[in-house]
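Residue 114 in the numbering used here sits at position 115 of the sequence shown, with consecutive numbering throughout. The beta carbon of each residue, even a glycine, is placed where N, CA and C say it ideally should be. Worksheet: the structure to be examined is printed underneath.
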Amino acid sequence: MYLSNTKTIVFISGAFVSHFYWEEWIAFFENKGYKVVAPPWLHKNDSALNLRKQNPCVKIGSISLFDLLCYYTEIIEKLPEKPILVGHSYGGLLVQLLVQKDLAEAGICINSFPPKGFTTLKFPFYKNIIPFSFGIFSLKKTFILTFENWKAAFFNIAPIEEQKNEYEKFIIPESKKALRNLFSKNAKINFRKKHVPLFFISCSEDQIISPKLVYWNYRKHRNLYSITCYKEFKNKNHFVILQNEWQEVAESVAKWIEKVT
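Below you can see the structure in the form of structure tokens.
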């Protein structure tokens with residue numbers, strides 16, 4: 000049933016993939032009456048096929064975390080009111096940073112990259128992310144995730160044909176600079192600051208961002224003055240946005256939004 004709703008949801012994509020992977024989620028939330036936008040990352044407003052043809056792309060290679068924060072800030076500030084932010088993977092970190100800038104009514108972080116700061120829980124994440132980028136500290140500015148890495152770590156537990164289809168549809172060149180910035184001061188969160196409601200979602204089969212790491216992130220944001228929630232979904236991988244039965248996660252997000260906003 001279609002419901003009248005004036006609230007706006009902004010979907011923020013993760014690294015490695017085209018923003019078009021939100022397509023079914025957009026339709027799902029529009030059907031609930033929300034105004035929904037899913038902007039491409041800076042310099043990525045094209046099809047996955049065209050962007051792969053352009054690799055290596057100087058513009059994509061120039062993207063930094065600071066650039067992305069400025070870009071999404073500009074988008075949000077043009078909206079009539081503060082939106083609800085839904086971010087996946089790298090986009091989950093962007094949600095946390097934009098919430099810190101008081102630019103959201105609420106934030107949902109799905110399998111979110113962690114903010115700056117070393118802990119033993121983050122070691123497996125750093126150990127994984129550097130090889131996937133083919134050496135993010137090398138001189139080459141961009142890279143494309145290999146199918147082997149996609150199959151083994153990002154879209155694992157899915158049937159092989161589905162893995163191939165989604166890889167061809169959505170994988171695009173990525174900026175090594177944006178990944179190096181995960182270690183920069185721009186990725187730092189002030190966990191003591193009061194914040195709008197935050198919902199952290201993890202997936203049991205995520206080989207990149209473990210549920211333990213997402214739970215750590217959730218616990219760091221908890222304080223007496225703010226609503227902070229956490230939920231783990233079983234039998235789902237890092238790219239749960241594309242996985243079969245994604246509606247279970249989307250419905251949980253919808254119910255949480257209705258409850259806290």
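The way I'd put it, the stretch 24-41 doesn't touch the stretch 179-189; fewer than three beta-carbon pairs between them come closer than 8 Å.
Of all alpha-carbon atoms in Trp-255, Val-239, Arg-221, Phe-122, the one lying nearest the alpha-carbon of Asn-110 is that of Val-239. Where Leu-96 is concerned, the enclosing alpha helix (DSSP H) starts and stops at 89-99. 9 Å or more divides the Cβ of Phe-15 from the Cβ of Glu-167. Annotated three-state conformation of Gly-32 is coil, per DSSP.
Runs of the beta strand (DSSP E) spanning 3 or more residues and lying entirely within the stretch 212-254 occur at 227-232, in chain order.
For Val-16, there is no enclosing beta strand (DSSP E), as DSSP marks it with neither H nor E. For the 9 Å CB-CB criterion, Gly-106 and Pro-196 form a contact. Across the structure, Ile-226 and Arg-191 are spaced so that their CA atoms are roughly 13 Å apart. DSSP places Ala-105 within a strand segment (E or B) once states are collapsed to three. When the alpha-carbon of Tyr-224 is set against those of Leu-92, Lys-193, Glu-147, Leu-41, the nearest one is in Lys-193.
No Cβ-Cβ contact shorter than 9 Å links Lys-121 with Glu-104. Distances from the alpha-carbon of Phe-19 to those of Lys-126, Cys-56, Ile-59, Phe-169 put Phe-169 closest. Pairing Trp-215 with Pro-113 gives a Cβ-Cβ distance under 9 Å. About 7 Å separates the Cβ atoms of Ile-11 and Val-85, confirming a contact at the 8 Å cut-off.
Taking His-87 as the centre and dropping the five residues before and after it, the same chain places the C-beta of Gly-13, Ile-109, Ile-240 closer than 6 Å to its C-beta, in chain order.
A Cβ-Cβ distance of about 6 Å is found for the pair Lys-6 and Ile-83, placing them in contact under the 8 Å criterion. At the C-beta level, Ser-201 and Lys-230 come within 9 Å of one another. About 12 Å separates the beta carbon of Gln-242 from that of Lys-233, a gap too long to meet the 8 Å contact definition.
Check the Cα spacing between Leu-102 and each of Thr-145, Tyr-125, Lys-77, Gly-116: the tightest is with Lys-77.
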